[in-house]
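J.:
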Amino acid sequence: MDELVAIAAGRAADGLPDMVKRMTAALLDMTSAGNDPQLAGRRIRSGNLLQENPYAFVHLASTAIERALRKEAALLAPAREAAAPAPLTLSLVPMEEMDSQLAFAAISRPFDIQQFEPLASLGVRLGLLLGRELVRASHNPFRPEVFLRALQEAWCEFEPDEAAHGLIVPLLRAGIVFDLKPILEALGDRLKPARMREERFAKTDDSAAARAARARRDAAVAQQLRQLFGAAEAAAGAGLDIPLIPDLPQRSGSWRPSAAAGFGAAVPPGAAPVAAAGAGAGTAAPLPTPLAEVLEQLAGAAPGPGFQAPPAAAAHEVFYLPRLKQSLPRGSLSRGDETTLDLLSRIFETVLLDESIPQETRELIAFLQVPVLKAALKDRSFFFEDAHPARRMLDLLSNAGWERPAGPDDPVYRAMQRGVDKLRREARPEAFAAAVADLEASIAERARQDEAAMAGPIAQATRQEKQAASQRSAQRAVSLRLAGEQVVALVGTFLEQRWTPVLALAYSIEDAKPGAVDNATRAMDDLIWSVKPKVSQEQRKALIKRLPGLLTTLNKWLDATGWQDAERLQFFAALADCHATIVRAPIELSPERQLELAVEAAQQDALRRIAQEQADAAAPDSPPDPAGADLASLERGMRVEFKGALGVRKVRLAWVSPLRTLFIFSSANRQEAFSLPAERLAKAFRTGSIRVLAAEGVVGRVLGEAVGQGAMNDPAREPAATTGAG
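Okay, so the sequence shown: first residue is 2 according to the working numbering, each after it adds one.
1. Would you call the CB atoms of Thr25 and Leu51 closer than 7 angstroms?
2. Fully enclosed by the stretch 498-546, which alpha helix (DSSP H) runs are 4 residues long or longer?
3. Just to confirm the assignment, what range does the beta strand (DSSP E) spanning Lys326 have?
4. How big is the Cα-Cα spacing for Ser109 and Pro145?
5. From Ala278 to Arg331, what distance separates their C-alpha atoms?
6. On a Cα-Cα basis, can you pick out the residue from Pro55, Glu160, Ala155, Gly176 that is closest to Phe112?
7. What is the DSSP secondary structure of Ser676, reduced to helix, strand or coil?
8. Considering just the uninterrupted stretch of the alpha helix (DSSP H) at Ile8, what are its terminal residues?
9. Just verifying my parser: in three-state terms, what is the DSSP assignment at Leu483?
10. What are the boundary residues of the alpha helix (DSSP H) that includes Val373?
11. How many Å lie between Gly420 and Ala436 at the Cα?
12. Would the beta-carbon of Phe572 fall within 7 angstroms of that of Phe495?
13. Pair every Cβ in the stretch 9-28 with every Cβ in the stretch 60-78, then say whether three or more of these pairs are closer than 8 angstroms.
14. Identify, in the order they occur along the chain, each residue of the same chain with its Cβ nearer than 6 angstroms to the Cβ of Val600, setting aside the five sequence neighbours on each side.
15. Buried or exposed for Ser357, please, with buried defined as at least 16 other CB atoms from any protein chain shown within 10 angstroms of its CB.
16. Are the stretch 474-481 and the stretch 501-517 touching by the rule of at least three beta carbon pairs closer than 8 angstroms?
17. What are the boundary residues of the beta strand (DSSP E) that Arg415 is part of?
18. Flag this pair as touching only if the stretch 536-547 and the stretch 558-571 have three or more C-beta atom pairs under 8 angstroms; answer yes or no.
19. Between Phe385 and Leu342, what straight-line distance do the alpha-carbon atoms span, to the nearest angstrom?
20. What residue range is occupied by the uninterrupted alpha helix (DSSP H) comprising Val178?
21. Touch check for the stretch 321-335 and the stretch 675-686: three-plus C-beta pairs under 8 angstroms?
22. Please state if the CB of Ala151 and the CB of Ile8 are separated by a distance shorter than 7 angstroms.
23. Assign Thr688 to one of two classes, buried (16 or more other C-beta atoms within 10 Å of its C-beta) or exposed (fewer than that).
24. Out of curiosity, what's the CA-to-CA distance linking Leu632 and Leu682?
25. For the beta strand (DSSP E) containing Phe117, name the first residue and the last one.
26. From which residue to which residue does the beta strand (DSSP E) around Glu642 run?
27. Since Arg650 sits in a beta bridge, which residues does DSSP pair it with?
28. Give the secondary structure of Ser399 by DSSP, where H, G and I count as helix, E and B as strand, and everything else as coil.
29. Could you tell me which of Ile366, Asp380, Leu353 sits nearest to Ala293, measuring between CA atoms?
30. Please identify the residue among Ala586, Ala513, Asp526, Ala391 whose C-alpha is closest to the C-alpha of Pro534.
31. Gly189 and Leu123 - do their beta-carbons sit closer together than 7 angstroms?
32. Under three-state DSSP, which class holds Ser667?
33. Between the alpha carbons of Leu192 and Glu431, how many angstroms are there, rounded?
34. Apart from the five residues just before and just after Leu5, which ones in its own chain have a Cβ nearer than 6 angstroms to its Cβ?
35. Measuring alpha carbon to alpha carbon, tell me which of Leu660, Tyr56, Leu28, Thr351 ends up nearest Ile45.
36. Go through its chain and collect everything with a Cβ distance to Ala470's Cβ below 6 angstroms, but skip five positions before and after it.
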């Protein structure tokens, strides 16, 4: 109840500034002041006072409204403890209080009539909250009378002239007082079952959630790597031992270069060996040599016979990082350099031994080992930021190079060659950024060409998807209204058979014509309202006033759907008879009784609608489907592997429909494409016949494995260098 009071008071406070402007204009409007000069003078003084001090009245009014709502809510809420019965006493109500009650009953009646449906629905929901059938209108703490009395109380406190206190009464009318309907609807929404609120406001883009989850995971990996390199920096000066990447396991593969000359035997000049086991106790260990200097000293090393260098590069510029650490004496590198070398060794070994990447691409990537290592040594954010130019270049090459080049003139392969040649000569950050921009432009151009080639199937799939989604939305909108309200058979049948296509059309053209769905939905709601009994003269006048516009809207939409047969004429004739019966029904009841009957009818509708909501909310949830999360994680450009009777097939996700109900895949050589609906794709995930390959970049994947699998050695497992006597 406290939360409901806060919602109502807050919404009312939001509407007070505009209400004050309307009150000021009404007070200063002398056309309705009459011929009484004293009354005109009071109106002018009060209007000027309100115009000069609007924020003071807003503060007083908002405070009074919240205080009144809390008082009414406290009366409604069940007592914490059973109070002792009070002795029966008789008391007389002062005549002034009786006059005030009658006056405010008359003032609030137009608001009660105008908002009887949301008030009735709110009364039913409050009853469910408090464990009773419903809360009667006279006990509803959010009834219009509570707001109007609070406004009068605030005015009497704001206006020092007691003679002007009565000026507020004519202003408490619709058109000046803030609209109560949004307040009542907000309270009703808050009292709906939590499951329905979640469905209404749920985020529909599940792929965005999957991307956010990956981003959080990448951030956690980056944070651990920052801590690792921070420890390495501290250890460089303190001589502390920190965890390192273990020696790389030997893996099978069709491509493995032999050790480069000089990697196994000779120690680079300047990299003094550490004290070997058996050296004298007084032998001093040398200072570590920066890895950048080691790379310069090894610049002349040649590759072994197991590697065929592409003609675009010289053989002496090819290194194999996984073997480099093994060729260097222990302790010849600083901890930070050694950690950098270990991580990059893992990354390049993963790429260079990946048989799914064509040989031509792996040969190009091999020439980036030293340029990338130099870039990582200069800027350790290579390991933390996936947008780092060197990291981005390596990811692009490994992903874009998955498709075998169509030939030596393949634009993407040519861009890959240009980038590698440029970085071979100049491994500066600007060079990496330029190579990345060139390669990304080539990849984007190829994606445009692929999409243009599939333009026909994509357009057809998009149209079909939009039509299906529009039909589902239309059916749901109609079924919700038929389940929640007592609709006459004539209108109910019409909505199911003829208005569902109208709504489907409105949903399908909403992007081109914004407001179409709102227009068609409002017409449906007005039609349902028009055939409900009208127990007051005001309601019948409103029906007569709204009928021409309603019938015009209905006919325009029906023309758009092409319903032009005799059945349409019969429907409108029967609808006219129904409206005539409602308008001609005799009225012999008092206005109070008419309002009471209208509220009772609205309460019955609300009871049916809310009972349906409760039933839907109480229905057992379907068990979570892991395939849904897998499906949501798919993004354009990802590689997947299908397993079937004909073996394993690796393809690329070329296109995803806007509503993610259709997925188009293309083969590695882009010679064929096929589409799968979301249902079949989810089934493939459930049966395990599909697997996503390398959802993220190779660098991030390898770093995540290194951190997540505990790849950092425990210091206790590192053998200590002995310095004792031989």
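By construction, the Cβ of each residue, glycine as well, lies at the ideal position given by its N, Cα and C atoms.
T.: In short, the structure shows the following:
1. What you label residue 25 is simply residue 24 of the sequence shown in a count that begins at 1. What you label residue 51 is simply residue 50 of the sequence shown in a count that begins at 1. In contact: Thr25 and Leu51 (Cβ atoms closer than 7 angstroms).
2. Complete alpha helix (DSSP H) runs here, min 4: 501-509, 517-531.
3. Locating residue 326 in the sequence shown gives position 325, where the first residue counts as 1. Judged by DSSP secondary structure, Lys326 falls outside any beta strand (DSSP E) and instead within the alpha helix (DSSP H) spanning 322-328.
4. On the sequence shown, residue 109 is found 108 positions in, with the first residue counted as 1. On the sequence shown, residue 145 is found 144 positions in, with the first residue counted as 1. Each residue's alpha carbon lies about 6 angstroms from the other.
5. Taking the sequence shown and counting its residues from 1, one reaches residue 278 at position 277. Taking the sequence shown and counting its residues from 1, one reaches residue 331 at position 330. In this prediction, Ala278 scores a pLDDT of 34, lower than 50, which makes its location untrustworthy; no coordinate-derived value is stated.
6. For this step, residue 112 is matched to residue 111 along the sequence shown. Ranking the options by Cα distance to Phe112, first place goes to Gly176.
7. What you label residue 676 is simply residue 675 of the sequence shown in a count that begins at 1. The answer is strand: DSSP assigns Ser676 an E or B state.
8. Reading the sequence shown from its first residue, position 7 is the one you call residue 8. 3-28 is the extent of the alpha helix (DSSP H) around Ile8.
9. The residue labelled residue 483 in the question sits at position 482 within the sequence shown. In this structure, Leu483 counts as helix in the three-state DSSP scheme.
10. The count along the sequence shown starts at 1 and reaches residue 373 at position 372. DSSP places Val373 inside the alpha helix (DSSP H), whose first and last residues are 370-379.
11. On the sequence shown, residue 420 is found 419 positions in, with the first residue counted as 1. On the sequence shown, residue 436 is found 435 positions in, with the first residue counted as 1. Approximately 5 angstroms between the Cα atoms of the pair.
12. As a first step, residue 572 is located in the sequence shown; it is residue number 571 there, counting from the start. As a first step, residue 495 is located in the sequence shown; it is residue number 494 there, counting from the start. A contact, by the Cβ cut-off of 7 angstroms.
13. Three or more pairs of CB atoms, one per stretch, sit closer than 8 angstroms, so the stretch 9-28 contacts the stretch 60-78.
14. On the sequence shown, residue 600 is found 599 positions in, with the first residue counted as 1. Phe117, Ala121, Ala138.
15. On the sequence shown, position 356 is the one that residue 357 refers to. So Ser357 ends up on the exposed side.
16. Segments in contact, yes.
17. Against the sequence shown, residue 415 aligns to sequence position 414. From DSSP, Arg415 is part of no beta strand (DSSP E) but of the alpha helix (DSSP H) over 412-426.
18. Because the criterion of three Cβ pairs below 8 angstroms is not met, the stretch 536-547 and the stretch 558-571 do not touch.
19. Translated into positions along the sequence shown, residue 385 becomes position 384. Translated into positions along the sequence shown, residue 342 becomes position 341. Each residue's alpha carbon lies about 15 angstroms from the other.
20. Your numbering for residue 178 matches position 177 in the sequence shown. DSSP places Val178 in no alpha helix (DSSP H); its state is neither H nor E.
21. Under the three-pair Cβ rule at 8 angstroms, the stretch 321-335 does not count as touching the stretch 675-686.
22. Along the sequence shown, one-based indexing puts residue 8 at 7. Along the sequence shown, one-based indexing puts residue 151 at 150. Cβ atoms of Ile8 and Ala151: not closer than 7 angstroms.
23. The residue given as residue 688 occupies position 687 in the sequence shown. Exposed is the call here.
24. Along the sequence shown, read from residue 1 onward, the residue named residue 632 stands at position 631. Along the sequence shown, read from residue 1 onward, the residue named residue 682 stands at position 681. One alpha carbon belongs to Leu632, the other to Leu682, and they sit about 7 angstroms apart.
25. Within the sequence shown, the letter at position 116 stands for residue 117. No beta strand (DSSP E) holds Phe117; the alpha helix (DSSP H) holding it covers 117-130.
26. Position 641 of the sequence shown, counting from 1, holds the residue named residue 642. Looking at the DSSP string, the run of the beta strand (DSSP E) that includes Glu642 is 640-645.
27. For the purposes of this step, residue 650 is identified with residue 649 of the sequence shown, where counting begins at 1. For Arg650, which the question treats as bridged, DSSP gives the partners Phe643.
28. In the sequence shown, the residue the question calls residue 399 occupies position 398. In this structure, Ser399 counts as helix in the three-state DSSP scheme.
29. By 1-based counting over the sequence shown, the position of residue 293 is 292. That would be Asp380, whose Cα lies nearest to the Cα of Ala293.
30. Looking up residue 534 in the sequence shown gives position 533. The shortest Cα separation from Pro534 among Ala586, Ala513, Asp526, Ala391 belongs to Ala586.
31. Numbered from 1 along the sequence shown, position 122 holds the residue referred to as residue 123. Numbered from 1 along the sequence shown, position 188 holds the residue referred to as residue 189. By the CB criterion at 7 angstroms, Leu123 and Gly189 fall inside the cutoff.
32. As a working note, residue 667 is residue 666 in the sequence shown. In the structure shown, Ser667 sits in a strand (DSSP, three-state: E or B).
33. Residue mapping note: residue 192 aligns to position 191 of the sequence shown, counting from 1. Residue mapping note: residue 431 aligns to position 430 of the sequence shown, counting from 1. About 58 angstroms.
34. Within the sequence shown, residue 5 is the residue found at index 4, counting from 1. Contacts found: Leu188.
35. Along the sequence shown, read from residue 1 onward, the residue named residue 45 stands at position 44. Out of Leu660, Tyr56, Leu28, Thr351, Leu28 has the C-alpha closest to the C-alpha of Ile45.
36. Numbered from 1 along the sequence shown, position 469 holds the residue referred to as residue 470. Counting only Cβ-Cβ distances below 6 angstroms, and skipping sequence neighbours, we find Leu660.
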